[in-house]
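Read the structure below first, then the notes.
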Amino acid sequence: MKVGICSDHGGFELKQILLPFLEQQGYSVTDYGAYVLNAADDYPDFVIPLAKAVADKTMDRGIAICGSGVGASIAANKITGVRAALINDYFSAHQGVEDDDMNLLCLGGRVTGFASAQELVQVFLNAAFTHAERHERRLKKVAQLEENK
Ligand code: RB5
Numbered sequence: 001m002k003v004g005i006c007s008d009h010g011g012f013e014l015k016q017i018l019l020p021f022l023e024q025q026g027y028s029v030t031d032y033g034a035y036v037l038n039a040a041d042d043y044p045d046f047v048i049p050l051a052k053a054v055a056d057k058t059m060d061r062g063i064a065i066c067g068s069g070v071g072a073s074i075a076a077n078k079i080t081g082v083r084a085a086l087i088n089d090y091f092s093a094h095q096g097v098e099d100d101d102m103n104l105l106c107l108g109g110r111v112t113g114f115a116s117a118q119e120l121v122q123v124f125l126n127a128a129f130t131h132a133e134r135h136e137r138r139l140k141k142v143a144q145l146e147e148n149k
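Our numbering applies: residue 1 is where the sequence shown begins, and numbers increase by one.
See the structure below:
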């Protein structure tokens, strides 16, 4: 599985922990920045390229980290085909994929501890969309918004 990861300064420390952790788990990980800690950087500059890579399937899944995870999720969801959510709990990390086909996980680097974040990303990456009819139906209604229908 190809996993893209990014952060701004608020999520930089957590990204630097998660990236080698995911590589040790056997994932092919691409870093979309930030590559240096710069307190003046802006999360859209990293989240939007990652979200586009998930949308065009260059990446199978994405992980975007800012200070709270809020800005990252707002920005990522502007990209057609991205289904991003800010996740803080184990249940939502897998159910968001199983029911809602979440393809981009957002974390708060100032909110979620390192061990919890490692657990959440593993659960997210191990989960699969069920393709249940009711979930397909609901996602189709959401996707129609992207076509202005
Ligand atoms: C940056 O200071 C901070 O606002 C950003 O990382 C994020 O928390 C936005 O949602």
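Ideal Cβ placement from N, Cα and C applies to all residues, glycine included.
Residue i, DSSP secondary structure in three states
i: residue 70; result: helix
i: residue 26; result: coil
i: residue 17; result: helix
i: residue 63; result: strand
i: residue 108; result: strand
i: residue 142; result: helix
i: residue 10; result: helix
i: residue 120; result: helix
i: residue 37; result: coil
i: residue 55; result: helix
i: residue 132; result: coil
i: residue 48; result: helix
i: residue 99; result: helix
Whole-angstrom distance between residue j and residue i, CA atom to CA atom
i: residue 35; j: residue 42; result: 13 Å
i: residue 129; j: residue 101; result: 5 Å
i: residue 1; j: residue 131; result: 19 Å
i: residue 104; j: residue 85; result: 7 Å
i: residue 12; j: residue 55; result: 23 Å
i: residue 25; j: residue 134; result: 33 Å
i: residue 81; j: residue 125; result: 18 Å
i: residue 184; j: residue 10; result: With the chain covering only 1 through 149, there is no way to say anything about residue 184.
i: residue 95; j: residue 23; result: 24 Å
i: residue 31; j: residue 47; result: 11 Å
i: residue 147; j: residue 139; result: 13 Å
i: residue 122; j: residue 145; result: 30 Å
i: residue 4; j: residue 20; result: 13 Å
i: residue 87; j: residue 107; result: 6 Å
i: residue 137; j: residue 92; result: 20 Å
Bridge partners - residue i, DSSP secondary structure assignment
i: residue 125; result: Residue 125 pairs with nothing; no bridge assigned.
i: residue 42; result: Residue 42 pairs with nothing; no bridge assigned.
i: residue 4; result: 30, 62
i: residue 86; result: 106
- Per the contact definition of three or more C-beta pairs closer than 8 Å, is the segment 115 to 131 in contact with the segment 72 to 79? Taking a contact to require three or more Cβ pairs closer than 8 Å, the segment 72 to 79 and the segment 115 to 131 do not qualify as touching.
- Query: How about the segment 65 to 72 and the segment 23 to 35: do they share at least three Cβ pairs that are nearer than 8 Å?
  - Reply: No, because fewer than three Cβ pairs between the segment 65 to 72 and the segment 23 to 35 fall closer than 8 Å, the two stretches do not touch.
- Task: Give every residue whose Cβ lies closer than 5 Å to any heavy atom of the ligand RB5, listed in chain order.
- Result: Sorted by chain position, residues whose beta-carbon lies closer than 5 Å to a non-hydrogen atom of the ligand RB5 are 8, 10, 66, 67, 68, 70, 71.
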